[in-house]
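Data block below; observations after.
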DNA sequence: ATTAACTTTCAGAAAGTATTGAAAGTTTGA
DNA sequence: TCAAACTTTCAATACTTTCTGAAAGTTAAT
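Chains as they are written, first to last, in our numbering: chain D, 3 to 171; chain P, 3 to 171.
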């Protein structure tokens with residue numbers, strides 16, 4: 003298989019995947035493109051290779067930089083900005099996890115911990131008990147999940163890698 | 003705060019959250035509603051409490067049953083079907099993880115492992131090397147992630163709970 | 001200070017998803 | 001066997017998200 007086809011297959015798949023990971027398709031595709039490019043690419047390059055508009059390229063490159071997955075690079079004697087992606091997958095995973103935790107864990111933590119503090123009133127005692135139990139269980143669970151994810155985000159690659167791999171054995 | 007308001011707050015939040023977890027809003031809301039109900043509810047009950055159509059209620063209750071998060075219950079002497087949600091959060095997490103792995107990890111595994119086997123041809127050797135390195139790293143990473151998730155899905159609650167909690171300390 | 005090279009913004013268009021509700025299908029009891 | 005009680009389906013519609021491209025903004029060299 004020639005390089006172009008292989009790249010395209012990868013970019014295509016990574017794009018689809020990304021959209022299921024809650025990351026938009028173009029953002030994942032740009033990320034994929036930069037991951038498999040030896041050189042940093044300009045916005046123009048990205049637009050051409052993925053057939054997307056200037057606005058779309060710009061927006062998603064910025065988002066990738068916000069996430070810390072992509073970095074700008076200035077080449078001396080050239081006014082264009084060039085972009086490249088970090089290739090360390092554990093780093094990539096950590097950065098994606100960080101962003102997703104913000105969106106997926108923190109909000110539920112907040113609501114659940116708030117509800118836990120409330121004194122629930124009402125006539126149906128059974129229903130109140132069911133509600134409080136669920137909230138209590140959920141609170142425990144979410145707080146634990148959050149701690150684990152936090153550990154992952156902050157841990158250095160090797161330690162976490164080794165520890166987890168021991169689990170799997 | 004009275005029970006109704008607390009329930010609604012929870013259902014609302016769980017719904018929004020779910021949509022960020024790649025689960026559709028109504029599906030999460032129904033799940034939340036059943037999680038905090040002491041009794042099993044009929045499709046009619048669900049429609050009323052969430053203000054959704056019959057079709058929507060039906061579709062999403064079925065999806066929840068496919069995921070194994072909700073179970074049908076027949077009450078003797080009643081032709082309606084009643085639905086209730088399992089309250090064990092580790093079980094819930096395992097089931098959601100199982101479904102999400104199918105969507106989020108398996109497809110990338112397949113593509114990456116396929117690409118890894120290919121013999122990439124082309125003139126730019128540097129580009130080929132960059133591509134192969136990325137795929138190789140990604141393959142290692144994804145396969146490891148998959149093993150860990152698999153372990154989680156199959157593990158019994160206590161073992162995994164204890165092991166993970168030790169990590170966090 | 002001007003202008004050419006580039007980047008950013010944003011309103012409208014397009015694409016993608018979820019929801020409705022009416023009609024068709026199924027089951028159960030008499 | 002019939003019909004009432006319920007469940008399922010699906011085409012049309014509404015809603016949400018993403019993308020485009022032209023216009024505005026910025027920067028750097030002369």
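Glycine is no exception: its CB is placed at the ideal position from the N, C-alpha and C atoms.
Closer than 9 Å by beta-carbon distance: list the chain D residues that pair up with residue 1 of chain P, in chain order.
Outside the modelled stretch of chain P, which goes from 3 to 171, sits residue 1 of chain P, for which no answer is possible.
Below 8 Å on the Cβ atoms is my guess for residue 71 of chain D versus residue 38 of chain D; work out the distance and round it to an integer in Å.
Residue mapping note: residue 71 of chain D aligns to position 69 of the first chain, counting from 1. Residue mapping note: residue 38 of chain D aligns to position 36 of the first chain, counting from 1. No, residue 71 of chain D and residue 38 of chain D are not in contact; Cβ-Cβ is about 14 Å, not under 8 Å.
Helix, strand or coil: which one does DSSP assign to residue 25 of chain D?
Translated into positions along the first chain, residue 25 of chain D becomes position 23. Reduced to three states, the DSSP call for residue 25 of chain D is coil.
Residue 40 of chain P to residue 98 of chain P span [Cα, whole Å]:
For the purposes of this step, residue 40 of chain P is identified with residue 38 of the second chain, where counting begins at 1. For the purposes of this step, residue 98 of chain P is identified with residue 96 of the second chain, where counting begins at 1. Residue 40 of chain P and residue 98 of chain P: Cα-Cα distance of roughly 22 Å.
Below-8 Å beta-carbon distance, residue 96 of chain D vs any chain P residue
As a first step, residue 96 of chain D must be located in the first chain, where it is residue number 94. So no, residue 96 of chain D is outside the interface.
Simplified DSSP state of residue 120 of chain D, which is helix, strand or coil:
Reading the first chain from its first residue, position 118 is the one you call residue 120 of chain D. Of the three classes helix, strand and coil, the one that applies to residue 120 of chain D here is coil, per DSSP.
Using the rule of at least 16 other Cβ atoms within 10 Å of the residue's Cβ for burial, across every protein chain shown, is residue 138 of chain D buried or exposed?
Along the first chain, one-based indexing puts residue 138 of chain D at 136. So residue 138 of chain D ends up on the exposed side.
Counting only Cβ-Cβ distances shorter than 8 Å, please list the residues of the stretch 129-142 of chain D near chain P, keeping chain order.
129, 130, 131, 132, 133, 135, 136, 137, 139, 140, 142
Say whether chain D places a C-beta atom closer than 8 Å to the C-beta of residue 165 of chain P.
Locating residue 165 of chain P in the second chain gives position 163, counting from the first residue. Interface criterion met: the Cβ of residue 165 of chain P is under 8 Å from a Cβ in chain D.
How big is the Cα-Cα spacing for residue 10 of chain P and residue 52 of chain P?
Against the second chain, residue 10 of chain P aligns to sequence position 8. Against the second chain, residue 52 of chain P aligns to sequence position 50. Cα to Cα, residue 10 of chain P sits roughly 9 Å from residue 52 of chain P.
Please report how far the alpha carbon of residue 148 of chain D lies from the alpha carbon of residue 169 of chain P, in whole angstroms.
Here residue 148 of chain D refers to the residue found at position 146 when the first chain is read from its first residue. Here residue 169 of chain P refers to the residue found at position 167 when the second chain is read from its first residue. Cα to Cα, the separation comes out at about 13 Å.
State the start and end residues of the unbroken beta strand (DSSP E) segment that holds residue 41 of chain D.
The residue given as residue 41 of chain D occupies position 39 in the first chain. Looking at the DSSP string, residue 41 of chain D is not in any beta strand (DSSP E), and its letter there is neither H nor E.
Roughly how many angstroms separate the alpha carbons of residue 7 of chain D and residue 32 of chain D, rounded to a whole number?
Reading the first chain from its first residue, position 5 is the one you call residue 7 of chain D. Reading the first chain from its first residue, position 30 is the one you call residue 32 of chain D. Cα to Cα, residue 7 of chain D sits roughly 16 Å from residue 32 of chain D.
Distance cutoff 8 Å, beta carbons only. Does residue 120 of chain P sit that close to anything in chain D?
The residue labelled residue 120 of chain P in the question sits at position 118 within the second chain. With 8 Å as the cut-off, residue 120 of chain P counts as an interface residue toward chain D.
Residues of chain D with CB closer than 8 Å to the CB of residue 42 of chain P, please, in chain order.
Translated into positions along the second chain, residue 42 of chain P becomes position 40. Chain D residues near residue 42 of chain P: none, gap ~12 Å exceeds 8 Å.
Contained beta strand (DSSP E) runs [length at least 3] in the stretch 51-84 of chain D, N- to C-terminal order
Runs found: 72-76.
At the level of alpha carbons, what is the spacing between residue 125 of chain P and residue 146 of chain P?
Translated into positions along the second chain, residue 125 of chain P becomes position 123. Translated into positions along the second chain, residue 146 of chain P becomes position 144. Across the structure, residue 125 of chain P and residue 146 of chain P are spaced so that their CA atoms are roughly 32 Å apart.
Is the Cβ of residue 82 of chain D closer than 8 Å to any Cβ of chain P?
Here the question's residue 82 of chain D lines up with position 80 in the first chain. It does not; no Cβ of chain P falls within 8 Å.
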